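As given, the protein sequences belong to chains A and B, one line each in that order. Numbering-wise, the numbering used here puts 1386 at position 86 of the first sequence, and it's gapless, one number per residue. Numbering-wise, the numbering used here puts 339 at position 51 of the second sequence, and it's gapless, one number per residue. Ideal placement from N, C-alpha and C gives every residue a C-beta, glycine not left out. Remember, it's a predicted structure, so these values are computed and weren't measured experimentally. Structure first, commentary second.
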Amino acid sequence: MEQVKEETKNKKINTTRFGEIEINEDKIIKFVESLPGLPKSQNFVLLPHKEKSPFMWFQSTELPELAFVVMNPFVCVESFNPQIAVDDLSILGFKKYPDSDAMVLGLVSIPEDPKEMTINLIAPILLNLQTKAAKQIVLENEDYPIKHRILTEE
Amino acid sequence: MLILSRKKDESIVIGNDIEVMVVGVEGDNVKLGIKAPKDISIYRREIYDQIQTANIEAASASPEVLEGVGLKTKNQVKKENERL
């Protein structure tokens, strides 16, 4: 049996938060559109914040200073039940949701007091883990907030 | 901003791929139908503004602010991280 040698294409990118990092080109996530309000960039890599941390960073591969925090909304809200528009599913190559290749990530806003951090539940990012296509979508759910507190008062 | 008047069932074409039609008018409420390519998002203005603001806030964070924030993680998160 022939042994197929896979050549991973690595690339170095500059980032303001993480310095120069090496990324695998196959892992670059391509957004269908730039995100509202943010500088135009459609190519990102998803970096874990720390081992065992629920936070992840989307770092632009084109703009060193552009990065934002996301996390899995199901960790914040166990009953999270996103209603995704058919057009949004189809543009990312999904026939239905849930799908084993579909991942939903919520953008995290961190104000001056980090304990007040919130996750955007109404406009998450939908990612196709297989094709690496992604889009920020607006869910059809009626009352998911744009700012849902992540940490509860204890 | 271009201002046009349309009656019910009349429409507007934007570029080669977008059409906006007045589907119904009920008092102050105007129902619009929009045809656009799937890769062009359509938002209610106020939702768009809120998303913009939230996105800008999300993009202004630095790794240091996440230090000292402990959260319980679940196996699901770990498994998904491994796939990335």
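Let me know if residue i comes out buried or exposed under the rule of 16 or more other beta-carbons within 10 Å of its beta-carbon.
i                : result
L354 of chain B  : buried
V1370 of chain A : buried
P1445 of chain A : exposed
I291 of chain B  : exposed
V1386 of chain A : exposed
V311 of chain B  : exposed
Q364 of chain B  : With a pLDDT of 44 at Q364 of chain B, under the threshold of 50, the modelled position of this residue cannot be trusted; read the value that follows with caution. With fewer than 16 Cβ atoms within 10 Å of its Cβ, Q364 of chain B is classed as exposed.
I1329 of chain A : buried
Could you work out which residue in the options is closest to residue i when comparing CA atoms only?
i                : options                            : result
G1319 of chain A : A:V1345, A:E1333, A:P1364, A:E1351 : A:P1364
K296 of chain B  : B:E314, B:L290, B:M289             : B:E314
T1315 of chain A : B:P351, B:Y336, B:T341, B:N317     : B:P351
I1384 of chain A : A:K1396, A:P1354, A:L1451          : A:K1396
Taking the alpha-carbon positions, what's the residue i to residue j distance?
i                : j                : result
E1416 of chain A : V1408 of chain A : 11 Å
K1340 of chain A : E1333 of chain A : 9 Å
W1455 of chain A : L1346 of chain A : Nothing can be reported for residue 1455 of chain A, as the shown portion of chain A is limited to 1301 through 1454.
N1310 of chain A : I322 of chain B  : 42 Å
E1440 of chain A : P1382 of chain A : 8 Å
I328 of chain B  : T1361 of chain A : 22 Å
I1323 of chain A : I1425 of chain A : 21 Å
A347 of chain B  : L1392 of chain A : 24 Å
N1438 of chain A : L1335 of chain A : It should be pointed out that residue 1438 of chain A corresponds to Val in this sequence rather than to Asn. Each residue's Cα considered, the two are about 12 Å apart.
What are the boundary residues of the alpha helix (DSSP H) that includes residue i?
i                : result
Q340 of chain B  : 333 to 346
V1375 of chain A : 1373 to 1376
Between residue i and chain D, is there a C-beta pair that is closer than 9 Å?
i               : result
I328 of chain B : You won't find chain D in this structure, because its protein chains are A and B.
Beta carbon of residue i: closer than 8 Å to some heavy atom of the ligand NAD?
i                : result
G1337 of chain A : The ligand NAD is absent from the structure shown, which contains no ligand whatsoever.
Quick check on the DSSP output: the beta strand (DSSP E) that includes residue i runs from which residue to which?
i                : result
V318 of chain B  : 317 to 323
I300 of chain B  : 299 to 302
L1389 of chain A : Run containing L1389 of chain A: none in the beta strand (DSSP E); it sits in the alpha helix (DSSP H), 1386 to 1391.
K1311 of chain A : 1310 to 1315
Report yes or no: do the stretch 1426 to 1437 of chain A and the stretch 299 to 314 of chain B share at least 3 C-beta pairs separated by less than 8 Å?
The stretch 1426 to 1437 of chain A vs the stretch 299 to 314 of chain B: no contact.
Would you call the stretch 1391 to 1400 of chain A and the stretch 328 to 335 of chain B in contact, with 3 or more CB pairs under 8 Å?
no
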